[in-house]
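Respectively, the protein sequence lines represent chains A and B.
Using my numbering, read the first sequence as starting at 29 and increasing by one per residue.
Using my numbering, read the second sequence as starting at 29 and increasing by one per residue.
There are 2 protein chains.
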Amino acid sequence: MSRWEPNTRERLLDAALELFGERGYDSVTVAEIAERAGLTKRTFFRHFTDKREVLFAGQEFLSRVFADAIAAAPGSASPAAAVGRALAAAAAAAGFGPERQARGRRIRAVVADHPDLHERELLKRATLNAAMAGALRERGVPDPAAGLAAEIGGLAFSTAFRRWTEPGNEREFATLAAEALEELLAATAALG
Amino acid sequence: MSRWEPNTRERLLDAALELFGERGYDSVTVAEIAERAGLTKRTFFRHFTDKREVLFAGQEFLSRVFADAIAAAPGSASPAAAVGRALAAAAAAAGFGPERQARGRRIRAVVADHPDLHERELLKRATLNAAMAGALRERGVPDPAAGLAAEIGGLAFSTAFRRWTEPGNEREFATLAAEALEELLAATAALG
DNA sequence: ACCGTGATGACACCTGGTGTCATCGCTTAG
DNA sequence: CTAAGCGATGACACCAGGTGTCATCACGGT
Numbered sequence: 029m030s031r032w033e034p035n036t037r038e039r040l041l042d043a044a045l046e047l048f049g050e051r052g053y054d055s056v057t058v059a060e061i062a063e064r065a066g067l068t069k070r071t072f073f074r075h076f077t078d079k080r081e082v083l084f085a086g087q088e089f090l091s092r093v094f095a096d097a098i099a100a101a102p103g104s105a106s107p108a109a110a111v112g113r114a115l116a117a118a119a120a121a122a123g124f125g126p127e128r129q130a131r132g133r134r135i136r137a138v139v140a141d142h143p144d145l146h147e148r149e150l151l152k153r154a155t156l157n158a159a160m161a162g163a164l165r166e167r168g169v170p171d172p173a174a175g176l177a178a179e180i181g182g183l184a185f186s187t188a189f190r191r192w193t194e195p196g197n198e199r200e201f202a203t204l205a206a207e208a209l210e211e212l213l214a215a216t217a218a219l220g
Numbered sequence: 029m030s031r032w033e034p035n036t037r038e039r040l041l042d043a044a045l046e047l048f049g050e051r052g053y054d055s056v057t058v059a060e061i062a063e064r065a066g067l068t069k070r071t072f073f074r075h076f077t078d079k080r081e082v083l084f085a086g087q088e089f090l091s092r093v094f095a096d097a098i099a100a101a102p103g104s105a106s107p108a109a110a111v112g113r114a115l116a117a118a119a120a121a122a123g124f125g126p127e128r129q130a131r132g133r134r135i136r137a138v139v140a141d142h143p144d145l146h147e148r149e150l151l152k153r154a155t156l157n158a159a160m161a162g163a164l165r166e167r168g169v170p171d172p173a174a175g176l177a178a179e180i181g182g183l184a185f186s187t188a189f190r191r192w193t194e195p196g197n198e199r200e201f202a203t204l205a206a207e208a209l210e211e212l213l214a215a216t217a218a219l220g
């Protein structure tokens, strides 16, 4: 496949996580990350458009999973049910294994106290929401409801992800996601 | 008050809007913006932490208005009602006059086709949502509901703002905000 | 007339990010 | 077996966003 060391992006991510953990996000230079991965600053930017992006790569994949699952839901399913399907599909598809969990924790720790990264995280969530909303409209859900259902789905996903990466958590991501969605739907009744 | 030309921030914003309109966001240098306002690049960054921030200044004020209005709502008011109060208060306080409307249009036009600015807009909305959610929790709204109500309020606000700045709109912001919130609350019923 | 203060200017500096060309190793055609 | 082609990388120069630091300058108060 390639004559250089394989898994370039992953190596860059690991190098970045190490350095961020040691010295904090903005004390670390892109050149240093690349160097630790045995590469060059220029090459880093060939794989990630941004310094931030190294921590958020692969989210486009999730968007596709969500959208596909919503599109594949039976026509009779309510918006909430379709969103539930999407969450389940995401839990199944995007390997939420233990090693992903460890990485998730480290990423969250870095993102937590850094406004720039928090901002990027919001963008990723918005992208995901937009994908869900689009898929919902595609199946005939009218407009305020489609956006709202997508927003609730995004909220459920990030809540579940937060709980899943919380220290001491033992539960499965799929369970947490279903539970979070359930809670949110129940809360809609208490708004009026 | 000051011995230099007054309204520094506003002058910088106007200069920025002119230049962005002429040549697009990233073809314009901060130094150029400052120069057109009769200032220096260094001074620009004393007033705005960011190049983006010049287009989003004053949002912290809105957050305070929202939070205060929610806190001041009668104890008997439901979360949705409290959010409605906040929207009304915002419409009343943050002068949504015609000149703000013109500026809003120009800002939206620049933000529209710029990912960076869209990202910043998301951060501002998230900040506003967080302020609302905090104020709601303060008055005893439990946690999934507080976040959800805040999210709906934010959605209503941005929807109303979008419609308000749409070309040809004649309606008041307060009306649009109340209407958007109403639509969203009605949509919650159609999710299940 | 003097001094303190706050906003600004001047200037050097770092780093994120990009354009461009050379390099180098593998693959494939001849 | 050799040469051409290609894909990922390195090397290097360059720009612009953003910051630290010190000088300046006008005003208010003493």
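Note that the Cβ used here is the ideal one computed from N, Cα and C, for glycine as well.
- As the crow flies, the alpha-carbon of Gly-182(A) is around 23 Å from that of Ser-91(B).
- Residue Pro-172(A) holds the alpha-carbon nearest to the alpha-carbon of Ala-215(B) among Ala-205(A), Glu-60(A), Pro-172(A) and Ala-214(A).
- Asp-42(B) and Thr-36(B) have their C-alpha atoms roughly 10 Å apart.
- Contact between the region 161 to 168 of chain A and the region 98 to 116 of chain A is present: three or more C-beta pairs spanning the two stretches fall below 8 Å.
- The residue from Leu-212(A), Phe-201(A), Ala-99(A) and Glu-207(A) with its alpha-carbon nearest to that of Ala-120(A) is Phe-201(A).
- Residue nearest to Ala-122(B) within the set Ala-217(B), Phe-185(B) and Arg-148(B) is Phe-185(B) (criterion: CA-CA distance).
- The Cβ-Cβ distance between Val-82(A) and Ala-44(A) falls below 7 Å.
- For Gly-220(B), the closest Cβ of chain A is nearer than 7 Å.
- Looking at the backbone, the Cα of Gly-125(A) and that of Arg-74(A) are separated by about 28 Å.
- Taking the Cα of Ala-161(B) as reference, the smallest distance to any Cα among Ala-177(B), Arg-153(B) and Thr-193(B) is reached at Ala-177(B).
- In this structure Leu-115(B) does not touch Tyr-53(B) by the C-beta definition: roughly 30 Å separates them, more than the 8 Å allowed.
- Under the 10 Å beta carbon count, Phe-89(B) is surrounded by fewer than 16 other beta carbons and is classified as exposed.
- Check the Cα spacing between Ala-188(B) and each of Asp-96(B), Thr-57(B) and Gly-132(B): the tightest is with Gly-132(B).
- Counting the other Cβ atoms within 10 Å of the Cβ of Arg-51(B) gives fewer than 16, which makes it exposed.
- The Cβ atoms of Leu-150(A) and Leu-150(B) sit closer than 7 Å to each other.
- Think of a sphere of 9 Å around the beta carbon of Glu-88(A): no beta carbon from chain B falls inside it, the nearest being about 14 Å out.
- With contacts defined as CB atoms closer than 7 Å, Ala-163(B) and Ile-98(B) qualify as a contacting pair.
- Contact annotation for Leu-150(B) against chain A: Glu-147, Leu-150, Leu-151 and Ala-154 [CB-CB distance below 8 Å, chain order].
- Apart from sequence neighbours up to five positions away, the residues of its chain that approach Arg-190(A) with a beta-carbon distance below 8 Å are Arg-136, ordered along the chain.
- Boundaries for Asp-54(B): no alpha helix (DSSP H) harbours it, and the DSSP string shows neither H nor E there.
- Distances from the CA of Arg-64(A) to each of Gln-129(A), Phe-48(A) and Glu-179(A) were compared; the closest alpha carbon is that of Phe-48(A).
- Of Ala-110(B), Ala-95(B) and Val-56(B), the smallest CA-CA separation from Ala-206(B) is found for Ala-110(B).
- Taking 7 Å as the cut-off, the beta carbon of Asn-157(A) is found closer than this to the beta carbon of Glu-179(A).
- The Cβ-Cβ distance between Arg-80(B) and Arg-134(B) does not fall below 7 Å.
- With a threshold of 16 other beta carbon atoms within 10 Å, Thr-77(A) falls short and is exposed.
- Taking the Cα of Val-138(B) as reference, the smallest distance to any Cα among Glu-38(B), Glu-46(B) and Arg-39(B) is reached at Glu-46(B).
- The Cβ-Cβ distance between Val-58(A) and Phe-72(A) falls below 7 Å.
- Within the region 202 to 215 of chain A, the residues whose Cβ lies closer than 9 Å to some Cβ of chain B are Ala-208, Glu-211, Leu-212, Leu-213, Ala-214 and Ala-215, listed in chain order.
- Bounds of the alpha helix (DSSP H) holding Phe-185(A) are 171 to 192.
- Membership of Leu-213(A) in the alpha helix (DSSP H) is indicated by the continuous run 201 to 216.
- Counting only runs of at least 4 residues, the region 118 to 162 of chain B fully encloses the following alpha helix (DSSP H) elements, listed from N- to C-terminal order: 126 to 140.
- If you check each beta-carbon in the region 174 to 186 of chain B against every beta-carbon of chain A, the ones closer than 8 Å belong to Gly-175, Leu-176, Ala-177, Glu-179, Ile-180 and Leu-183.
- Contact of Pro-102(A) with chain B is not assigned, every C-beta pair being separated by 7 Å or more.
- Along the region 102 to 118 of chain B, the positions whose C-beta sits under 7 Å from a C-beta of chain A are Ser-106, Pro-107 and Ala-108, read in chain order.
- Lys-79(A): not part of any alpha helix (DSSP H); DSSP gives it neither H nor E.
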